[in-house]
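In the working numbering, the protein residues as written are 10 to 280.
The block underneath contains the structure these notes are about, expressed in structure tokens.
Structure follows, in structure tokens:
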């Protein structure tokens with residue numbers, strides 16, 4: 010009888026070990042998500058932030074980040090990557106981290122938005138919220154095409170000062186288990202409509218002095234594209250903060266449908 014029990018236990022252990030090995034092998038075979046980081050423009054240390062983001066994301070998740078860096082420091086220059094109609098071809102997700110407020114040609118904006126209208130996921134960081142200001146960008150009643158994509162209408166910010174970040178949906182996979190924190194001196198973006206577009210969902214608020222605004226959220230653009238966005242990330246020290254990189258990594262994986270409900274990467278997509 011004891012021999013049979015020992016044999017049964019050994020068989021169970023063998024099957025479990027085989028199953029685990031199979032799962033690990035399948036996870037190892039998963040190809041990295043192809044990420045295009047569109048970055049550059051006015052007012053920020055993009056020269057260094059591009060590398061901080063690339064290294065931080067690739068360290069945390071099974072992703073391969075390609076840089077589309079524009080060294081031009083004005084608000085009027087279009088990142089060259091957008092000159093092609095199929096600019097997003099071959100990528101699983103786009104990170105918008107550009108600062109091009111005065112690129113306002115609707116034909117160009119439409120070209121940039123098309124792959125996202127068709128369902129391509131996106132991550133929007135900081136000044137991406139203030140890009141592509143076409144006519145009416147200050148009107149809280151009528152969001153511009155870019156503002157509808159972003160999910161929030163922001164037109165400016167005040168002085169730089171620490172922001173107290175408070176997660177308001179702690180059960181969302183992106184925020185699950187993340188601790189509230191206080192940034193270094195950062196910019197609290199305004200919100201002229203007082204909330205998100207109807208397809209948006211708030212994840213965190215930020216409080217600076219007596220002002221409070223949504224600083225992190227999700228948006229379902231055109232009923233197809235998952236968008237994760239945060240207004241945080243003006244200074245390189247913030248971008249390099251592990252709490253920031255952890256948040257952005259989760260947002261990216263969530264946008265691609267690769268984040269578990271408990272906030273961990275799906276098998277094969279973690280590091």
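A virtual CB, placed ideally from N, CA and C, is assigned to each residue, including glycine.
{"Asked": "If contact is defined by three or more beta carbon pairs under 8 Å, each pair taking one atom from either stretch, is the stretch 179 to 199 in contact with the stretch 143 to 151?", "Found": "no"}
{"Asked": "Among 100, 114, 93 and 158, which has the Cα closest to the Cα of residue 122?", "Found": "158"}
{"Asked": "Would you tell me roughly how many angstroms separate the C-alpha atoms of residue 55 and residue 77, rounded to the nearest one?", "Found": "11 Å"}
{"Asked": "Using alpha carbons as the reference points, say which of 174, 42 and 212 lies closest to residue 161.", "Found": "212"}
{"Asked": "Since residue 125 and residue 131 should fall inside the 8 Å C-beta cutoff, what is the C-beta to C-beta distance between them, to a whole number of angstroms?", "Found": "6 Å"}
{"Asked": "Starting from the C-beta of residue 170, find all residues in its chain whose C-beta is less than 6 Å away, skip the five residues before and the five after it, and write them out in chain order.", "Found": "194 and 217"}
{"Asked": "Between the C-alpha atoms of residue 86 and residue 104, what's the straight-line distance to the nearest angstrom?", "Found": "18 Å"}
{"Asked": "Opposite residue 61 in the DSSP bridges: which residues?", "Found": "Per DSSP, none; premise fails for residue 61."}
{"Asked": "On the premise that residue 241 lies in contact with residue 247, defined as a C-beta separation below 8 Å, what is that separation, rounded to the nearest angstrom?", "Found": "6 Å"}
{"Asked": "Could you check what DSSP says for residue 107 in three-state terms: helix, strand or coil?", "Found": "strand"}
{"Asked": "Going by the CB atoms, is the gap between residue 49 and residue 140 shorter than 9 Å?", "Found": "no"}
{"Asked": "At 3 residues or longer, and completely inside the stretch 225 to 262: list those beta strand (DSSP E) runs for me, N to C.", "Found": "234 to 239"}
{"Asked": "Residue 80: buried (16+ other C-beta within 10 angstroms of its C-beta) or exposed?", "Found": "exposed"}
{"Asked": "With a Cβ-Cβ cutoff of 9 Å, do residue 266 and residue 273 count as a contact?", "Found": "no"}
{"Asked": "Between the C-alpha atoms of residue 262 and residue 111, what's the straight-line distance to the nearest angstrom?", "Found": "30 Å"}
{"Asked": "For residue 269 and residue 42, I'd like the C-alpha separation in whole angstroms.", "Found": "16 Å"}
{"Asked": "So, with DSSP's three-state summary, where would you put residue 162?", "Found": "coil"}
{"Asked": "Looking at the unbroken alpha helix (DSSP H) that takes in residue 125, where does it start and where does it end?", "Found": "115 to 126"}
{"Asked": "When the Cα atoms are used, what is the spatial distance from residue 136 to residue 108?", "Found": "5 Å"}
{"Asked": "Determine whether the beta carbon atoms of residue 102 and residue 44 lie at a separation below 9 Å.", "Found": "yes"}
{"Asked": "For the beta strand (DSSP E) containing residue 78, list its first residue and its last residue.", "Found": "72 to 79"}
{"Asked": "Can you give me the Cβ contacts of residue 57 inside the same chain, cut-off strictly under 6 Å, excluding the 5 residues immediately before and after it?", "Found": "245"}
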